[in-house]
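Novice: In my numbering, the protein residues as written are 67 to 309. Just so you know, even glycine gets a beta-carbon here, dropped at the ideal spot from N, CA and C. Computed from a predicted structure; not experimentally measured. Below you'll find the structure I mean.
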């Protein structure tokens, strides 16, 4: 369906055969943002002389790990200058993480403040049940923001759209009513594709780029646009993110 492939949010290192996954991505020439969950993990892979053409390694600090690994904020700050790509970062106010909200906010605010000093950063943000606070903390950041797998209310979605944020959508979103409603509201020129592998159906144990076809198929119907036009727009959006 398309000869241009992208995955703007995936966790290659959570696969047992992670280096085979990276080779597969390179062979398919799929432009990929490989997020990390902790600064120490970024440091590990960065030290391996990361030289992939199609896979960009992102420096991350997952909100669910912010309290337990709080001290790693120093590692994060140390490696900030080694990459344009930041993620996965953000906030998560789901029930199992609610006791750690203060630490999460402290870490996320620190990271965003660091990014504000370098507006060339591209950040992939986790916002689960924390959309209000995420938007407050992100306010004033002039780099590129990608809201990953957005599931929040439509009023906050409109605010994010008005700020020029991008949204990485995945195949699981098109299978839920809420996900479809959100996708239908996002302008085509703000949409990027992601897998969030290995957390999404069909990608738990094996990575494959075919998930993109399902999303493009849905976008064609929901936006009433030709598939080829959608592929062209997705490529343009990807280029816009990088400029």
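1. Spell out the partners DSSP gives residue 268 in its beta bridges.
2. Going by the beta-carbon positions, is the gap between residue 101 and residue 190 smaller than 7 Å?
3. Taking the runs of the alpha helix (DSSP H) that are 4 residues or longer, which of them lie wholly in the segment 126 to 161?
4. Less than 7 Å separating the beta-carbons of residue 158 and residue 134?
5. Work out the CA separation of residue 73 and residue 300 for me, nearest whole Å.
6. Hey, is the segment 185 to 205 in contact with the segment 133 to 153, meaning 3+ C-beta pairs nearer than 8 Å?
7. Starting from residue 210, trace the beta strand (DSSP E) both ways and give me its first and last residue.
8. If you drop the 5 nearest sequence neighbours on each side, which residues of the same chain put their C-beta closer than 7 Å to that of residue 119?
9. For a quick check, are the C-beta atoms of residue 106 and residue 141 less than 7 Å apart?
Specialist: This is what the structure gives:
1. Residue mapping note: residue 268 aligns to position 202 of the chain shown, counting from 1. Looking at the DSSP assignment, residue 268 forms no beta bridge with any residue, so it has no partner.
2. Position 35 of the chain shown holds residue 101. Position 124 of the chain shown holds residue 190. In this structure, residue 190 lies closer than 7 Å to residue 101 by Cβ.
3. 139 to 145
4. Stepping through the chain shown from its first residue, residue 158 is reached at position 92. Stepping through the chain shown from its first residue, residue 134 is reached at position 68. Not closer than 7 Å, so no.
5. Translated into the one-based positions of the chain shown, residue 300 becomes position 234. Translated into the one-based positions of the chain shown, residue 73 becomes position 7. Straight-line Cα distance between these residues: approximately 11 Å.
6. Taking a cut-off of 8 Å on C-beta distances, the segment 185 to 205 touches the segment 133 to 153, as three or more cross pairs fall below it.
7. By one-based count along the chain shown, residue 210 stands at place 144. That run of the beta strand (DSSP E) goes 210 to 214.
8. Counting from 1 along the chain shown, the entry for residue 119 is found at position 53. Once the five neighbours on either side are set aside, the close Cβ partners of residue 119 are 92.
9. Residue numbering aside, residue 106 sits at position 40 when the chain shown is read from its first letter. Residue numbering aside, residue 141 sits at position 75 when the chain shown is read from its first letter. Yes, these two residues count as a Cβ contact at 7 Å.
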